[in-house]
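Working notes, beginning with the structure itself.
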Amino acid sequence: MKKYIFQSIRLTLVLLVLLGVIYPLIIAFAGRFAKGEGNGEAVLLNGKKVGYANIGQSFTEPQYFWGRPSAANYNAAGSAGSNKGPSNVDYLKDVENRIDTLLKYNPGLKRSDIPADLVTASGSGLDPDISVQAAIIQIKRVANVRNLSLEQVQQVVKNATTPPLLGLLGPEKVNVLQLNLSLDRLSK
Amino acid sequence: MNTELLGIITTYLITLLIGIPLGIYLAKVFAGEKVWTDFLLPIEKIIYRLSGIRQTEQMNWKQHMKAMLTINSVWLIYGFFVLINQDKLPLNPDGNPGQTPDLAFNTIISFVVNCNLQHYSGESGLTYFTQHFIIMFLQFVSAATGIASAVVLFKAFREKSVSQLGNFWEFFVKSITRLLLPLSIVVALILTFNGTPSSYEGKDQYISLQGDTIAVSRGPAAAMIAIKHLGTNGGGWFGVNSSHPLENPNYLTNMVELIAQVIIPIAMVIAFGYFIRRKKLGWIIFGVMTFGMLLLLIPTISSELGGSPAIAQLGVSQHTGAMEGKEVRFGPAASAYWSTVTTIISTGSVNSMHDSTMPLTGALQLLGMMINSFYGGCGVGILNYFIYLIIAVFISGLMVGRTPEFLGHKVEAREVKIAALITLLSPFLILAGTAAASYVFGNYGDADWAVKPANWLNNPGFHGFSEMLYEITSANANNGSGFEGLGDNNIFWNISSGIVLIFSRFLPIIGPIAIAGLLGQKKYIPESAGTLRADTITFGIMTLAVIVVLTALSYFPALALGPLAEYFTMLK
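Quick note, the sequences are listed as chains H and D, same order.
In the working numbering, each number is its position in the first sequence, counted from 1, plus 1117.
In the working numbering, each number is its position in the second sequence, counted from 1, plus 6.
Written out as structure tokens, the structure reads:
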């Protein structure tokens, strides 16, 4: 028994060095050659950091495309889903309010054209993407506010759309930050 | 074909392409046969020498279990004290506080037992020091504990009659050097080059397009996320686990993380057959497990792609499926697949919030954890399945009126008693635990704890009950996922789930090893025409029937009160 205790302690110490020091340092070293040097990929506008490519931001102003509702208010210091169950009555009221807001800011929009992702909270609260349909229904509003033609905005949406992996696997998506950045660049 | 469905089918096929050869390789590694990774032998010898281990020393099943329990106890004590004092230790750029004793109790047990139930959020509840030297360290060694224990069981059936079953430390070290560490390096590199942070920088700040000042949590996450999946651990770097865009940046990383968590559980099943030189038995077990997985997976996908009936009533389009708690880059199909995989094997990582999935999906997630052996966790999956095998052997023996035998050894009263006790343990812990929680919630709502029982639940009605049932079930399965709406960081949940965790980890390891050890010592009886063979399809179906009947009898009432009741109320 005593033998096992000493062996356990010594083995633990050896493995702490191997798994807790050597292994992550190898990865950290390799990470310096990745995009963003292992710090996460930052996005710049006129040389200033305005966000991270993978992390969604809160967009509420009408000249921007809106992202998904967030239970974390897009505060990336933390992360959170709503954890609301599907039959929760208060939750369904929240969804109804979000639909009303969309209808108010996008005149002429039909309920049945609103995709669910635009009125439901994401898992992380930091979802950077929306579905293509969610972008399409906002084109008219954004074009009006910015005095751009529909075709111009449509083109911007097209450019910010990522197809499925290899064109075959998984969903299509639109990165909202990338979309809005291109708009800001276009408006200048 | 729909790209979302094609995505999950491709993911599963790649899993098989890697998992099956990996199993054949593992059988050779643990049998001591020549393999191409033998160049690592010198490193292993250094590890043995520094630890004072003679890896040729043979152990019987009891010595194996003593060694296993001893080293696990060392980790429990070490981790508890470090977690409490993490604020005073280095590598804490965000200035996070030490854990409270009850939280540290829960956290350390949870990670030692390979569960990774997290009652804290990674961004604020841990430091880079504890993320590395407690969490990530334990993710390796707890997985290796499971794998090494399973190999002890394999050993008992390789030869005709044995009591010496190899050396625990050797199996344990090899699980790390020949399997977990090399694969982790590969997965971590893929993650890093797809945008997961790997540096030691603390929080960053920027001003968003709309002018908000935002802080972003970061840190050396990639290394941990690799082993969290390979070792079926599941504990995330960030609070929302693999739905976080830095923890799981795109569809490719999602596929990699999904593949990583399933390959070792599948490999262990194949390895069992090859190791004991009864390949067919391995394939039959694999077949039953795969069939069981499909029984859970197909309705899950259908219920998530179908969308929420309540949202449908609001008149919006759910053309992709139910989206609450899910990320657009994965979509409902990959989220549904993940939720099945993470609950049948004991990973418990999530890429969508299970609390917000459809009621039927929730029921199927719970069932996956209650059965806990369709592939199952690293090493422990096959151990859990072994118990069902023994019960099936026993019942079949009764049906045909012969002394039951398994692989040429008589299964007698003692072995069956152990199997029966282990089978009863899960329903006892789950049902008693949930009952206790419901009682406290109902009668002591104002108790002065960090979260008052009256405020535990994030959802009313049946769904609220499901939140409590899910938490205890997840603890019992050493799974670690949660209906995360539950306010679980308080003394009740920290202590109760901690106790459930420790029993539900070690007894279901010791039980099967004891049975295997006892059986292996018995005289070998050659097979004859009257032998009930374990490696037949008939016996595979019998085992599946045993699993279905036991699970239904144990859990149907609890499921009826939670997810099933919610499902039927939503129908009207």
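In this text, a Cβ means the ideal position worked out from N, Cα and C, and glycines have one as well.
In this text the structure is predicted, and so the values were computed from the model without any measurement.
query                                                                                                                                                                   : result
For the beta strand (DSSP E) that residue 1097 (chain H) lies in, which residues bound it at each end?                                                                  : Beyond the ends of chain H as shown, which are 1118 and 1305, falls residue 1097 (chain H); an answer cannot be given.
Could you pull out every unbroken beta strand (DSSP E) segment of at least 3 residues lying fully inside the region 169-247 of chain D, listed in chain order?          : 210-213 and 219-222
Spatial neighbours of residue 1278 (chain H) within its chain, please: C-beta separation below 8 Å, excluding the five flanking residues on both sides.                 : 1249, 1252, 1289, 1290 and 1291
Can you pull the DSSP bridge partners for residue 1292 (chain H)?                                                                                                       : H:1246
Does the CB of residue 1211 (chain H) have a neighbour CB from chain D at under 8 Å?                                                                                    : no
Pop quiz: residue 444 (chain D) and residue 405 (chain D) are said to be a contact at Cβ under 8 Å. What is the actual Cβ separation, rounded to whole angstroms?       : Actually they are not in contact, since the Cβ atoms of residue 444 (chain D) and residue 405 (chain D) sit about 39 Å apart, beyond 8 Å.
Can you pull the chain H neighbours of residue 326 (chain D), defined as C-beta to C-beta under 8 Å?                                                                    : 1232, 1233, 1234, 1248 and 1288
In the structure shown, what three-state DSSP assignment does residue 370 (chain D) receive?                                                                            : helix
Would you verify that the beta carbon of residue 1201 (chain H) is, or is not, closer than 8 Å to some beta carbon of chain D?                                          : yes
So if I threshold CB-CB distances at 7 Å, which residues from the region 29-55 of chain D count as touching chain H?                                                    : 53
May I ask you to list, following chain order, the residues of the region 128-155 of chain D that have a beta carbon less than 8 Å from some beta carbon of chain H?     : 129, 130, 138, 139, 142, 143, 146 and 147
Here's the rule: buried if 16 or more other CB atoms are within 10 angstroms of the residue's CB, otherwise exposed. What is residue 226 (chain D)?                     : buried
Given a cut-off of 8 Å, decide if residue 376 (chain D) and residue 2 (chain D) are closer than it, judged by their beta-carbon atoms.                                  : Any answer about residue 2 (chain D) is impossible in this case: the structure gives chain D only from 7 up to 578.
Does residue 263 (chain D) have its Cβ less than 8 Å from a Cβ in chain H?                                                                                              : no
How many Å lie between residue 1125 (chain H) and residue 69 (chain D) at the Cα?                                                                                       : 14 Å
Name the residue from D:122, D:117, D:250 and D:509 whose alpha carbon lies nearest to the alpha carbon of residue 1187 (chain H).                                      : D:250
If you follow the beta strand (DSSP E) that residue 1167 (chain H) is part of, which residue opens it and which one closes it?                                          : 1165-1169
Closest to residue 243 (chain D) by CA distance: which of H:1161, H:1180 and H:1195 is it?                                                                              : H:1195
Output, in chain order, the set of chain H residues within a Cβ distance shorter than 8 Å of residue 279 (chain D).                                                     : Under the 8 Å cutoff, chain H gives no residues; its nearest Cβ is about 30 Å from residue 279 (chain D).
Alpha carbon to alpha carbon, how far is residue 142 (chain D) from residue 155 (chain D)? Give it in angstroms, no decimals.                                           : 20 Å
Less than 6 Å between C-beta atoms, sequence neighbours within five positions excluded: which residues of the same chain meet that for residue 380 (chain D)?           : 295, 298, 299 and 350
Do residue 277 (chain D) and residue 29 (chain D) count as a contact pair if the criterion is CB distance below 8 Å?                                                    : yes
Taking the DSSP output, what are the residues bridged to residue 286 (chain D)?                                                                                         : Answer is none; residue 286 (chain D) lacks a bridge partner.
Terminal residues of the continuous alpha helix (DSSP H) containing residue 1217 (chain H)?                                                                             : 1206-1222
Using a threshold of 8 Å, state whether the C-beta atoms of residue 184 (chain D) and residue 35 (chain D) are closer than that.                                        : yes
Residue 430 (chain D) by DSSP, collapsed to three states: which one?                                                                                                    : helix
Since residue 152 (chain D) contacts residue 120 (chain D) with CB under 8 Å, what's their CB separation in whole angstroms?                                            : 6 Å
Residues in the same chain with beta-carbon distance under 7 Å from residue 1134 (chain H), minus the five sequence neighbours each way, listed in chain order, please. : none
State the start and end residues of the unbroken alpha helix (DSSP H) segment that holds residue 1261 (chain H).                                                        : 1256-1263
Measuring CB to CB, does residue 186 (chain D) end up less than 8 Å from residue 136 (chain D)?                                                                         : no
Can you tell me which of the three DSSP states residue 1232 (chain H) falls into?                                                                                       : strand
Report the rounded CA-to-CA distance for residue 1247 (chain H) versus residue 1168 (chain H), giving the unit in angstroms.                                            : 17 Å
For residue 1179 (chain H), which residues in the same chain have their Cβ closer than 7 Å to its Cβ, ignoring the five residues on either side in sequence?            : 1222, 1258 and 1262
For a contact meaning CB atoms closer than 9 Å, what does residue 1244 (chain H) contact in chain D?                                                                    : 249, 251, 332, 333, 334 and 335
Does any C-beta atom of chain D lie closer than 8 Å to the C-beta of residue 1263 (chain H)?                                                                            : no
Starting from residue 271 (chain D), trace the alpha helix (DSSP H) both ways and give me its first and last residue.                                                   : 257-281
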